[in-house]
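Structure, as structure tokens:
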Amino acid sequence: MKKIVLDDILGFSAYEKVRQEFRQAVIEKKKARRVAVGDKVSLLFENRDTVIFQIQEMLRAERITDLDRIRDEIAVYNELLPNPGELSATMFLEIEDQSHLRDELVKFLGVDEAVSLNVGGESIRAQFEEGRSKEDKVSAVQYVRFRLNEAARQAFIDGARAELLIDHPNYRASAVLSAEQQQSLAADLTD
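Throughout the sequence shown, residue numbering follows the numbering used here, covering 79 to 269 in sequence.
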């Protein structure tokens, strides 16, 4: 997938003019890119649109206009984009009771060893970004990649059944991707 460059980002006033329309378009696209795996975990698969939106919103919220700072932010956010043959997602551990957040998150220790994507007879283990989990705590937001071999990539593109699986001692759940979800994500594998 083509990396984001400075020319892809609108200036503050130009973004304000198109923000509502762009925001609605990205929200619609995200619907086909978010997969709930049980009731406490969801994955939002990232692409250029979702990442550009995050950059634009962050620049807006922080009022960043310095070109060097914008380039730095682009470099950071580009890490969310999938490389060739990959799917890349932000995984959310959705804990509703904030008063028990720490206790609930501890139950997810080791989740970085328990997530996979099954497609076309292949099981692809998620590769988690380092530093988001430690021996005694885990972050509620994780960045994951699924590196598909050629057979799995082609099976995914061809519409073979694709299932996300979490097989953790404290949380077991799975989700079969809908045709709409799979079609949206297959585009990432052909970029």
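We put the beta carbon where it would ideally sit given N, CA and C, even for glycine. Just so it is clear, the structure is predicted and the values come from calculations on it, not from any experiment.
Residue i burial status per 10 Å Cβ neighbour count (16 or more: buried)
i, result
"Ala139", "exposed"
"Arg149", "exposed"
"Glu161", "The identity of residue 161 in the sequence shown is Asn, whereas the question assumes Glu. Exposed, since its Cβ has fewer than 16 Cβ neighbours within 10 Å."
"Thr128", "buried"
"Asn227", "exposed"
"Gly198", "buried"
"Leu137", "buried"
"Leu159", "buried"
"Ile105", "exposed"
"Leu145", "exposed"
"Val222", "buried"
"Glu258", "exposed"
"Asp245", "exposed"
"Phe186", "buried"
"Asp85", "exposed"
Extent of the continuous alpha helix (DSSP H) to which residue i belongs
i, result
"Gln134", "126-140"
"Phe123", "Note, Phe123: premise wrong, no alpha helix (DSSP H); beta strand (DSSP E) at 119-123."
"Arg239", "First-last for Arg239: undefined, no H or E at that position."
"Arg180", "179-184"
"Asn156", "145-156"
"Ile87", "Per DSSP, Ile87 belongs to no alpha helix (DSSP H) and is neither H nor E."
Nearest candidate by alpha-carbon position, reference residue i, set the options
i, options, result
"Ser217", "Gly188, Ala238, Arg149", "Gly188"
"Arg180", "Thr168, Asp214, Phe206", "Asp214"
"Arg225", "Asp236, Leu195, Leu243", "Leu195"
"Arg239", "Ala153, Ala264, Glu124, Ala204", "Ala264"
"Gln220", "Phe123, Glu241, Ser177, Asp175", "Phe123"
"Thr268", "Glu164, Glu182, Ile142, Arg250", "Glu164"
"Phe170", "Gln134, Leu88, Val193", "Val193"
"Lys95", "Lys109, Arg126, Gln134", "Gln134"
"Ala229", "Arg141, Ile202, Val104", "Ile202"
"Ala114", "Glu99, Ser262, Glu241", "Glu241"
"Asp236", "Gln260, Tyr249, Arg101, Asp245", "Gln260"
"Ile173", "Val154, Glu99, Lys118, Tyr93", "Lys118"
"Ile130", "Ser262, Glu151, Phe186, Leu183", "Glu151"
"Leu255", "Val83, Arg111, Asp86", "Arg111"
"Gly89", "Val154, Ser120, Arg141, Arg126", "Arg141"
"Ala253", "Arg147, Ser120, Ser177, Tyr155", "Ser120"
Residues bridged to residue i (per DSSP)
i, result
"Glu172", "DSSP lists no partner for Glu172."
"Gln220", "Met169"
"Leu243", "Ser194, Ser252"
"Gln260", "For Gln260, which the question treats as bridged, DSSP gives no partner whatsoever."
"Ala114", "Ser120"
"Glu200", "Val197"
"Glu164", "Arg225"
Run of the beta strand (DSSP E) containing residue i, from where it starts to where it stops
i, result
"Glu208", "Neither: Glu208 is in no beta strand (DSSP E) and is coded neither H nor E."
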